[in-house]
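Undergrad: Numbering follows the numbering used here, with no gaps: position 154 of the sequence shown is 155.
Using N, Cα and C, we set each Cβ at its ideal position, and we do this for glycine too.
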Amino acid sequence: MRIVILIILVAIAGCNSCKNMKQEFVPLYTPGPPTLVYKTKNDYNNLVPVILNDDKTEIVSYPHPNDLKLDDGFPNPTILNNGYLLDNRGIGKNVAFLKLTYKEYSELPNPPTLTELYNYIIDKDPLTELCNCGNKSAFTDIEKQLNDLIDNEKLRLTCRTIK
Numbered sequence: 002m003r004i005v006i007l008i009i010l011v012a013i014a015g016c017n018s019c020k021n022m023k024q025e026f027v028p029l030y031t032p033g034p035p036t037l038v039y040k041t042k043n044d045y046n047n048l049v050p051v052i053l054n055d056d057k058t059e060i061v062s063y064p065h066p067n068d069l070k071l072d073d074g075f076p077n078p079t080i081l082n083n084g085y086l087l088d089n090r091g092i093g094k095n096v097a098f099l100k101l102t103y104k105e106y107s108e109l110p111n112p113p114t115l116t117e118l119y120n121y122i123i124d125k126d127p128l129t130e131l132c133n134c135g136n137k138s139a140f141t142d143i144e145k146q147l148n149d150l151i152d153n154e155k156l157r158l159t160c161r162t163i164k
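1) Sort GLU59, LYS40, ASN54, PRO35 by Cα distance to LEU118 and report the nearest one.
2) What distance in whole Å lies between the Cβ atoms of LEU37 and ASN133, which are believed to be in contact at a cut-off of 8 Å?
3) Under a CB-based cut-off of 9 Å, is ASN133 close to chain D?
4) Only counting the same chain, and skipping five residues up and downstream in sequence, which positions put a Cβ closer than 7 Å to that of ASP88?
5) Between the alpha carbons of LEU115 and LEU69, how many angstroms are there, rounded?
6) Skipping 5 residues on each side, what residues in its chain have a beta carbon closer than 7 Å to that of ILE151?
7) What would DSSP say about ASP149, mapped onto helix, strand or coil?
8) Using a Cβ-Cβ cut-off of 7 Å (strictly less than) and excluding sequence neighbours within five positions of GLU130, which residues of its own chain qualify?
9) Assuming THR116 is part of the alpha helix (DSSP H), what are its boundary residues?
10) Helix, strand or coil for ARG161, going by three-state DSSP, please let me know.
11) Confirm, please, whether the CB-CB distance from ASN46 to PRO1 is below 9 Å.
12) Can you tell me the Cα-Cα spacing of TYR103 and VAL27, whole angstroms?
13) Would you tell me roughly how many angstroms separate the C-alpha atoms of LEU101 and GLU108, rounded to the nearest one?
14) By how many angstroms is the C-alpha of LEU99 removed from the C-alpha of PRO64?
15) Between which two residues does the beta strand (DSSP E) holding LYS42 run?
16) In terms of DSSP beta bridges, what is VAL96 paired with?
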């Protein structure tokens with residue numbers, strides 16, 4: 002009888018501790034804006050990103066100067082813990098950064114030619130890490146949840162590592 006009571010008490014205690022456990026974020030990989038978290042070799046936070054082909058010999062995607070003007074400023078990355086950044090512009094594994102700031106680029110009347118843009122590149126391989134943490138809509142508090150993953154060293158375990 003004592004053993005049965007002991008088992009019941011252990012089971013009840015276990016259930017109560019489950020209620021107190023913090024629920025971990027689970028990425029949702031569905032169509033929609035991806036949550037890209039990354040680190041760079043240097044501080045490129047205010048510089049315009051472009052996307053290169055796999056050989057890094059041509060620009061395949063770049064913004065129009067008007068695309069960078071937001072109501073509240075520019076699409077600079079969100080600074081997260083431990084040097085990580087949350088992409089707000091649309092980078093990828095083949096990102097490169099121009100020597101032009103968002104402000105400088107947004108003030109251009111027209112986009113530069115592809116040759117001019119390519120000559121503005123200051124780093125063709127700026128990323129040291131890149132993770133896809135799924136669709137942004139899966140987050141309830143994106144900065145807090147990403148910082149929790151970073152602080153608990155679970156970012157690269159929870160999210161898909163691209164680089």
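TA: Taking the geometry as given:
1) GLU59
2) Right, the Cβ-Cβ distance comes to about 6 Å (below 8 Å), so this counts as a contact.
3) Looking for chain D here will not work: only one protein chain is present.
4) LEU37, TYR39, PRO78
5) 18 Å
6) LEU81, ASN82, ASN83, TYR85
7) Judged by DSSP in its simplified three-state form, ASP149 adopts helix.
8) TYR39, LYS40, LYS164
9) 115-121
10) strand
11) No statement about residue 1 is possible, as the shown extent of the chain runs from 2 to 164 and does not include it.
12) 33 Å
13) 11 Å
14) 11 Å
15) Run containing LYS42: none; DSSP gives neither H nor E here.
16) ILE52
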